[in-house]
């Protein structure tokens, strides 16, 4: 099921946004552990986006999760094998307060042109 989710997600990025595996950095991952108030399973899909180092320790790539499960491992083992099972979890999301992080805000309509991925000219003609 996770392999199909990965394939379908990558194909959607190609078909919808013109993402290229050769040119773009695509990251598919899950975050573990998470706070009980936000503990719903969801896949993060990032294109050409960096992450703060504090988040990297609890980000598990979809390929890593797939391989671990294929080897008859369970998710608890995977999580606890990293950082000796210790993670820094803020009681409230304050990442935007860390020096150098962008200010947190909801995008305004004028921001959307900056948020779009580059789409090649051939793809733009198809959409016209």
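Numbering (our numbering), first residue to last: 8 to 135.
Note that CB positions come from ideal geometry on N, CA and C, so glycine has one too.
Asked, Found
"Taking residue 38 as part of the beta strand (DSSP E), name the residues at either end of that continuous run.", "33-38"
"DSSP three-state call for residue 59: helix, strand or coil?", "coil"
"Could you tell me whether the region 48-61 touches the region 21-35, where touching means 3 or more Cβ pairs closer than 8 angstroms?", "yes"
"Please state whether DSSP places residue 105 in a helix, a strand or coil.", "With a pLDDT of only 49 at residue 105, under 50, the local geometry of the prediction cannot be trusted, and no value is derived from it."
"As a quick exercise: from 25, 69, 63 and 58, pick the residue whose alpha carbon is nearest that of residue 12.", "69"
"Alpha carbon to alpha carbon, how far is residue 25 from residue 65?", "29 angstroms"
"Under the rule that 16 or more other beta-carbon atoms within 10 Å means buried, what is residue 48, buried or exposed?", "exposed"
"Less than 7 angstroms between C-beta atoms, sequence neighbours within five positions excluded: which residues of the same chain meet that for residue 10?", "73"
"Residue 98 by DSSP, collapsed to three states: which one?", "Annotation note: pLDDT 49 at residue 98 (below 50); position unreliable, coordinate value reported separately. If DSSP states are grouped into helix, strand and coil, residue 98 belongs with coil."
"Residue 72 lies in the alpha helix (DSSP H); which residues open and close that run?", "69-77"
"Indicate whether residue 75 and residue 85 have their beta-carbon atoms separated by less than 8 angstroms.", "yes"
"Please classify residue 54: does DSSP put it in a helix, a strand, or coil?", "strand"
"Which first and last residues belong to the alpha helix (DSSP H) in which residue 64 is found?", "First-last for residue 64: undefined, no H or E at that position."
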